[in-house]
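If you read the sequences in order, they're chains A and B.
Note that our numbering has the first sequence beginning at 1, numbered continuously upward.
Note that our numbering has the second sequence beginning at 1001, numbered continuously upward.
Glycine included, every Cβ here is placed at the ideal spot set by N, Cα and C.
No experiment lies behind these values; they were computed from the predicted model shown.
Worksheet: one structure, shown below.
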Amino acid sequence: MIAFYLTLLLPLVGTLLMLGIGNLRIAGYCNIIITIAGFVASLFMAHYFFEHGAFLAIKQQFYIDAFNLLIIVLTTFVVMTTAFFSNTFMWINAATNRISTRHLRLYHVMYQLFALMMLIALAANNIGILWVAMEGATLATVLLVSLYRTKEAIEASWKYFILCIVGIALALFGTILVYFSATQELVQAKTGMLWSVLALHANHFDPTIIKIAFVFLLVGYGTKIGLVPLHNWLPDAYSESPAPVATLLSGLLSNVALYALIRFKILTDLALANHLADNLLMVFGLLSFVVAAVLLQRQHNIKRLFSYSSIEHMGLITFTFGLGGPIATFVGLFYLLVHALTKSALFTIVGNVVQQTKTNSLEKIRGLIKNQPLLAWVLLAATLIISGIPPFGIFTSELLVFITCVKFLPLIAIILVGGSILAFAGLLRNIQPVVYGEPTPMTKSKICLWPAILHLSLVLILGLYIPPVLQQLLQQAARLITG
Amino acid sequence: MELLTSIITALILLTAFVFLMQNRIHSMINTFIWQSVLLSAVTFLQALKTTEIELYISVLLTILLKVIFIPYLLRSFVRKLNIRHKVAEIKYPFLLLIGASALVLFCYHLIIPISAISWNEASNTIAVAMAVMLLGMLLLITHRKAISHVIGFMSMENGIFFAALIATKGMPMVVELGIAFDVLIAAVLFGVFFLQLRRSIDSLDVDRLNLLREDTE
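So this is what it looks like as structure tokens:
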């Protein structure tokens, strides 16, 4: 139990601490120490979970089960490794005067606050608190996206801000509709916001209200996941924000939004007893997957290229959850996990590349392998992994999605294969000349690659072998989602 | 009391329409104040009816935040940025009104099946609340100046709050406070953005934000 409180308390302490620390060195190391402690705390929480099972905390406002435990541990882990990368990265930025000390302090405060908001959103049992924390996470990252204060960065963060707060306001309306239908059924109306209570009574809820509510929630949280046609903000925000922020946004925040949507999908399935939610998820997931795979072809900016790859994978993951059934859900969760690890590694690598070459343009970066062999190899490897080469985790999950899909919807499986090949070609065609080709001059500064290498090795291991603990967790979570 | 609630509900819907037709920022802020006053009045009526203490707190919160603080904040932005000219040219006022009315009808169309199945006298107000929210969104889409986007967002928020109030007799206090806090931060962030936008593109016209297009790179 202590571990649970610590997991939430540490980033809170971190936020307050960062407000006071002006020195960059100290702030950077404090950031690392706090995030390590956070990760360890979440591991102890996992240990507690395995001994005692799912538990409620703080007057039932928080609830830990297999589903959110999985994503919480993932979150604290990526937040920790990114803190290491961020330390090196921001140090160089400060040394080259790209960022002022004042902005750096803001950055560290918001880094911790962002982690805190994500963890609250994940651990919340109260769907209202879930919403408040999602909005909080959005607001915390808005100023991080515009940290460089260039015209492009400000434009990107304005788009991110306006689209996401409007989208998420719609999700609040959906949340209220769910609460409304709960107050019709429950004796104690005020408990109608607690997910654990809702899940028990959802089969009595008014189907009409829940139907409307789910549409609003899909649009709202779908905006944050980056589902087409609500994805416009995503490539801009990922490409203009500082690399560690893009890492966190792509690897974590979209997962939290998807997590929220799946929570409501569980309720919707119980209330409607049909496949409406599943079908909606499949349609929008598939649409995102296809559109992103096509748009990916015509990118000229390395960060935008991988942003579209994010939309593509998140679309496919959403689609997988839409397939329903314990197997597809198991695959969806596993896919979510390996995608988060791979994509955050990729943005770490790309951040390093951009810092070395001082440009985002895919046409200008050439011959990386001559100047920075290690960086080039890792970039190439990560690109191949995200495009789904065996035996890595992404390949395993895409294969499993394909197999599950063939069983239920053979025609759509063809689209999946086509889209994957298209995305593979698009990524490789663009990255190959970046790695090889005639080298362009570049400045050499310190690079921080080990977090990326660690993530990629984990993805390799997961592609070959799923540890029993993880398998048990995934199975429990899948059972929870499919009911 | 029922009659009074209905009248106020109708007036709230009216303010949402008034927003769409205005092109001066000061009159928009004034309309926002009116909308918020009406909202707190309807909350107060609800509080009298249900005698819930939390609703009285919520009245207080609405007045403090939406009648006093946010308009004050907006006015100070306007002063600081020296915005005197019209904030928007409304190109097709007639079409806009038709569209807005269609939205209201659509909301009723969505809500009617609910009231047929279950309880309540309030389905009318839920439809209105939803309409206010969607009209706020319409404002966001049609107006191209950043400053009217704040009003659009706040109007959406008012609609949502109204829905929560009527449909569910208020949310748990923690959630309500959380939402109020988020709205407050969003309002402050809008201010930060106005300064940044002014500095970078020398305008609050969002149509001039066109650097990040697919083709131009």
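Is the Cβ-Cβ distance between Gly136 of chain A and Thr76 of chain A less than 7 Å?
In this structure, Thr76 of chain A does not lie closer than 7 Å to Gly136 of chain A by Cβ.
In this structure, how does DSSP classify Tyr1092 of chain B when only helix, strand and coil are distinguished?
Looking at Tyr1092 of chain B - three-state DSSP - the assignment turns out to be coil, as it is neither helix nor strand.
Considering only residues of the segment 1131–1192 of chain B, which uninterrupted alpha helix (DSSP H) runs meet the minimum length of 4 residues and lie entirely inside it, listed in chain order?
List check, alpha helix (DSSP H) in window: 1146–1168.
Quick check: the Cα distance between Leu194 of chain A and Ala1164 of chain B, rounded to an integer number of angstroms?
Cα to Cα, the separation comes out at about 16 Å.
Across which residues does DSSP place Phe55 of chain A in a beta bridge pair?
Beta-bridge analysis with DSSP links Phe55 of chain A to A:Ile64.
Do you know whose CA, among A:Glu363, A:Thr96, A:Ala46 and A:Leu422, lies nearest Tyr308 of chain A's CA?
Of A:Glu363, A:Thr96, A:Ala46 and A:Leu422, the residue nearest in Cα terms is A:Leu422.
Can a CB atom of chain A be found closer than 7 Å to the CB of Thr1216 of chain B?
Since pLDDT at Thr1216 of chain B reaches only 41, below the 50 mark, its modelled position is unreliable, and the value read off the structure follows with that caveat. So, not an interface residue.
May I ask you to report which of helix, strand or coil DSSP gives Asn97 of chain A?
If DSSP states are grouped into helix, strand and coil, Asn97 of chain A belongs with coil.
Can you pull the chain A residues whose beta carbon is under 9 Å from the beta carbon of Ser1203 of chain B, in chain order?
Against chain A, the beta carbon of Ser1203 of chain B has no neighbour under 9 Å; the closest one sits roughly 12 Å away.
Determine, using beta-carbon pairs with one atom in the segment 217–236 of chain A and one in the segment 253–265 of chain A, whether at least three such pairs fall under 8 Å.
Contact between the segment 217–236 of chain A and the segment 253–265 of chain A is present, because at least three Cβ pairs lie under 8 Å.
Quick check on Asn1023 of chain B: does DSSP put it in helix, strand or coil?
Shown here, Asn1023 of chain B sits in coil according to DSSP, grouped into three states, outside any helix or strand.
Pairwise C-alpha distance: Ala95 of chain A and Cys448 of chain A:
If you take the alpha carbons of Cys448 of chain A and Ala95 of chain A, they lie about 16 Å apart.
Please identify, using Cβ separations under 7 Å, the residues of the segment 160–187 of chain A that lie next to chain B, in order along the chain.
Residues are counted here when their Cβ sits less than 7 Å from a Cβ of chain B; for the segment 160–187 of chain A these are Phe161, Ile162, Ile165, Val166, Ala169, Leu172, Phe173, Ile176, Tyr179, Phe180, Thr183 and Gln184, given in chain order.
Does the CB of Ile1160 of chain B have a neighbour CB from chain A at under 7 Å?
Taking Cβ atoms only, chain A reaches closer than 7 Å to Ile1160 of chain B, which makes this a yes.
Rounded C-alpha distance that separates Leu122 of chain A from Asn68 of chain A:
Leu122 of chain A and Asn68 of chain A have their alpha carbons spaced roughly 6 Å apart.
Between the alpha carbons of Gln184 of chain A and Leu384 of chain A, how many angstroms are there, rounded?
Our two residues, Gln184 of chain A and Leu384 of chain A, have alpha carbons roughly 52 Å apart in a direct line.
Environment of Asn1210 of chain B [buried if 16+ CB atoms lie within 10 Å]
Its Cβ having fewer than 16 others within 10 Å, Asn1210 of chain B is exposed.
Taking 7 Å as the threshold (beta carbon to beta carbon), is Gly1178 of chain B in contact with chain C?
This model lacks chain C altogether; the protein chains it does include are A and B.
Among B:Phe1017, B:Ala1146 and B:Leu1011, whose alpha-carbon lies nearest the alpha-carbon of Arg1198 of chain B?
Ranking B:Phe1017, B:Ala1146 and B:Leu1011 by Cα distance to Arg1198 of chain B puts B:Ala1146 first.
Hey, could you find the ends of the alpha helix (DSSP H) Cys405 of chain A is sitting in?
Its alpha helix (DSSP H) spans residues Gly393 to Phe408.
Going along chain A in order, which residues have a C-beta closer than 8 Å to the C-beta of Thr1168 of chain B?
Going along chain A in sequence order, the residues near Thr1168 of chain B (Cβ under 8 Å) are Ile176, Tyr179, Phe180, Thr183, Ala189 and Gly192.
Does chain A have any CB closer than 7 Å to the CB of Gln1196 of chain B?
By this cut-off, Gln1196 of chain B is an interface position.
Chain B within 7 Å of Ile209 of chain A, Cβ atoms only:
Cβ-Cβ to chain B under 7 Å: yes for Ile209 of chain A.
Determine the chain A residues that contact His1149 of chain B at a beta-carbon separation under 7 Å, and present them in chain order.
Per Cβ cutoff of 7 Å: Ile162.
Unbroken alpha helix (DSSP H) run spanning Pro229 of chain A, endpoints:
It is not in any alpha helix (DSSP H) - Pro229 of chain A carries neither H nor E in the DSSP assignment.
Taking only beta-carbon atoms, is Asp1182 of chain B less than 7 Å away from chain A?
Answer yes: the Cβ-Cβ gap between Asp1182 of chain B and chain A drops below 7 Å somewhere.
From the beta carbon of Glu1193 of chain B, is the nearest beta carbon of chain A less than 7 Å away?
The sequence shown places Phe at residue 1193 of chain B, not Glu. Output row for Phe1193 of chain B: interface = yes.
Which same chain residues end up closer than 7 Å to Ala41 of chain A when comparing Cβ atoms and leaving out the 5 residues on each side of it in sequence?
Closer than 7 Å at the Cβ level, and outside the excluded window around Ala41 of chain A, lie Ala3, Leu6, Thr7 and Leu10.
I'd like to know whether the C-beta of Leu1095 of chain B is nearer than 7 Å to at least one C-beta of chain A.
When Cβ-Cβ separations below 7 Å define contact, Leu1095 of chain B makes no contact with chain A.
On the criterion of 16 or more Cβ atoms from any shown chain inside 10 Å, does Tyr465 of chain A qualify as buried, or is it exposed?
The Cβ neighbour count for Tyr465 of chain A, taken over all protein chains shown within 10 Å, is under 16; the residue is labelled exposed.
Below 7 Å between beta carbons: does that hold for Val290 of chain A and Leu368 of chain A?
Result no, Cβ atoms of Val290 of chain A and Leu368 of chain A do not sit closer than 7 Å.
Three-state secondary structure (DSSP) of Leu194 of chain A:
DSSP, reduced to helix, strand and coil, places Leu194 of chain A within a strand of the structure shown.
Where does Ser241 of chain A fall in DSSP's three states?
DSSP places Ser241 of chain A in the coil class of the three-state scheme, outside both helix and strand.
Tell me which residues share the same chain as Gln476 of chain A and place their Cβ nearer than 6 Å to its Cβ, disregarding the 5 neighbours each side in the sequence.
Cβ within range, chain order: Ala66.
What is the rounded straight-line gap between the Cα of Leu163 of chain A and the Cα of Ala257 of chain A?
Answer to the nearest angstrom: the Cα atoms are 14 Å apart.
List, in chain order, every chain B residue whose beta-carbon is nearer than 8 Å to that of Trp195 of chain A.
Correct list: empty, because the minimum Cβ distance to chain B is about 13 Å.
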